[in-house]
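Chemist:
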């Protein structure tokens, strides 16, 4: 299989050049202008960040991308779909409030914001998945499917269920409606190690489905109510909650990839990963742990698989920052995300994505 091209720019800036100038130059060199944007609606898929989390992408990155798309004749808008878990993004009103609080507005980004699956997360379309192994259709937000072109603008970071979150996860999980997210998660039902559980009840606060119960000061999970979103895993400070079987996270990763394929098939798409503030957990958390490696740079490609693989390689090649969760682990393996989340397998996303024709793991890196 022929290698895909991934373009890279570091974050060093001389006195007369800003990061935003470098980002614009990067996406132009990567060929974004090859897409015919003229009078076409362009969904820029982004994560607005859960309020309280400070590692999400700054709105300035989105404005740079939106301005370039407008320059090329397109009609860009920022979008994301509602969440399953308790938080401030599980309906469109709260989601828009959260986006505004984190600095995203038409004034700061140069384009409008539209929540992809409507007011209550129920405005979706069932989309066929060509070559899907685990799923035959995907429930995707209607606004996203109405767009002519998809651009993903992604904060690259760790994730407690999939190992990492990049372009594939931002598109697949992020474009699924609330029903779609339940379908993707329903194979992954966590369990509680009661010997480790301290009874702090933080997991209860994070569960949107009342699936966590307490007896004798210890948590247990009602699997009939649990949708497998994994929010409780990330909320436990004592590692008392874990996936109940090793294939669960792999299954989730594969379903995410199949959802991404449903979103991207049949229309132009382009992808950008910003590898800074590489937090160990997803930006869905209302907090963020310290970045595990130094800021690395910005990557862009037409191939989301090659893009994510290039970012994984760059993060794994970077040194662990002192005083972080990565620095505290005794294992010296340079597979950073596996060290942090040993029950995850980040390769599952990439392997399955290549298998179903979404892209290629082999890449050529071109520095801009």
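Residue numbers (our numbering): 196 to 563. We put the beta carbon where it would ideally sit given N, CA and C, even for glycine.
1) Nearest-angstrom Cα distance between residue 146 and residue 339?
2) Starting from residue 157, trace the alpha helix (DSSP H) both ways and give me its first and last residue.
3) Give the range of the alpha helix (DSSP H) segment to which residue 489 is assigned.
4) I need the DSSP call for residue 233, collapsed to helix, strand or coil.
5) Quick one, which of 427, 219 and 352 has its alpha-carbon nearest residue 279's?
6) According to the neighbour-count rule (16 or more other Cβ atoms, all chains shown, within 10 Å of its Cβ), is residue 254 buried or exposed?
7) Determine whether the beta carbon atoms of residue 516 and residue 508 lie at a separation below 9 Å.
8) So the beta strand (DSSP E) residue 559 belongs to, where does it begin and stop?
9) Have a look at 263, 256, 208 and 306 and flag the residue whose alpha-carbon is nearest the alpha-carbon of residue 229.
10) Among 449, 400 and 466, which one has its Cα closest to the Cα of residue 333?
11) Near residue 559, which residues of its chain fall below 8 Å by C-beta distance, leaving aside the five closest residues on each side in sequence?
12) Compare the beta carbon distance of residue 241 and residue 274 with 9 Å and say whether it is the shorter of the two.
13) Count the other CB atoms within 10 Å of the CB of residue 528; is the residue buried (16 or more) or exposed (fewer)?
14) For residue 349, which option in 277, 251 and 398 has the closest C-alpha, if you only look at C-alpha atoms?
15) Just reading off the beta strand (DSSP E) that residue 201 is part of, what are its end residues?
16) Let's see if you can read the secondary structure: which residues bound the beta strand (DSSP E) around residue 360?
17) Starting from the C-beta of residue 261, find all residues in its chain whose C-beta is less than 7 Å away, skip the five residues before and the five after it, and write them out in chain order.
Modeler: According to the data block:
1) Given a span of 196 to 563 for the chain in the structure shown, any question on residue 146 remains unanswerable.
2) Here the chain covers residues 196 to 563 and nothing more, so residue 157 does not appear.
3) Run containing residue 489: none; DSSP gives neither H nor E here.
4) coil
5) 427
6) buried
7) no
8) 558-562
9) 263
10) 449
11) 198, 199, 200 and 201
12) yes
13) exposed
14) Considering only 277, 251 and 398, the residue with the shortest C-alpha distance to residue 349 is 251.
15) For residue 201, the uninterrupted beta strand (DSSP E) segment begins and ends at 199-204.
16) 358-360
17) Taking C-beta separations shorter than 7 Å and ignoring five residues to either side along the sequence, the partners of residue 261 in its chain run 239, 271, 304, 305 and 306, following chain order.
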